[in-house]
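Scroll down for the structure; my scribbles are underneath it.
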Amino acid sequence: MTMNVVIISGTVFGAAEEVAHHAAQILAEAGLDVTYKTRVSYSELLALDADVLLFVTSTTGMGELPETLQPLVHALREQPPQQWHGLLAGVIALGDACYGEDFCAGGEMIRELYAELGVVELQDMLRLDASETVNPERDAEPWLAEFAASLTV
Ligand SMILES: Cc1cc2nc3c(=O)[nH]c(=O)nc-3n(C[C@H](O)[C@H](O)[C@H](O)COP(=O)(O)O)c2cc1C
């Protein structure tokens, strides 16, 4: 059975969305079923019936999630989907190491959400540092290859 990977992104300036599009392409090329919608509501997300979740999010403010993602995360906390217990998942976090302790804090919030919901991270969160890279899509490729490999064996 081919796994259905659902990608969710949170962005302010669009970089996370570009990484998410690239991720969708790479995972589809690896033979996975991929659904990526730039904006998704709680009920739409549940209806997608994901086998695997991949959040791609930047961090804004002082360690906050982008506004586009906040209502969804709030809803998932308020109404934890029971069927997500044991669901496989990953996080790609975009940030900037200049923010010190808040570096990739948005991604860390998604990891906390996973822990609350019993969602299982397949591999360590990827941190893409805007002060180090000009091409986050390409930098995400090795991580994505590993993610795809563990879902297609
Ligand atoms: C106003 C502002 C606040 C930011 N705050 C943080 C932060 O707290 N932690 C962090 O790691 N990066 C922070 N960043 C860096 C962004 O997360 C980073 O540039 C990212 O690549 C932007 O992705 P996006 O285009 O998807 O929003 C901030 C950037 C801006 C402009």
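All residue numbers for the sequence shown refer to our numbering, where the first residue is 356 and numbers rise by one.
Glycine is no exception: its CB is placed at the ideal position from the N, C-alpha and C atoms.
DSSP, reduced to helix, strand and coil, places Leu481 within a strand of the structure shown. In the structure shown, Leu382 falls within a helical segment according to DSSP collapsed to helix, strand and coil. Each residue's CA atom was taken as its position, placing Gly445 and Leu424 some 16 Å apart. Judged by DSSP secondary structure, Thr412 falls within the beta strand (DSSP E) whose first and last residues are 407-413.
Val474 sits in coil when the DSSP states are folded into three classes, being neither helix nor strand.
Bounds of the alpha helix (DSSP H) holding Val428 are 425-433. Ranked by Cα distance from Glu501, the options Leu481, Leu400, Thr393 are led by Leu481. Contact annotation: Leu408 and Val361 have beta-carbon atoms nearer than 7 Å. At a threshold of 6 Å, Leu449 counts as near ligand 1, since its beta carbon sits closer than that to one of the ligand's heavy atoms.
Here Ile362 is bridged, per DSSP, to Tyr391, Leu409.
Between the alpha carbons of His440 and Asp484 lies a gap of roughly 31 Å. Cβ atoms of Ile447 and Ala504 stay farther apart than 8 Å, at about 16 Å.
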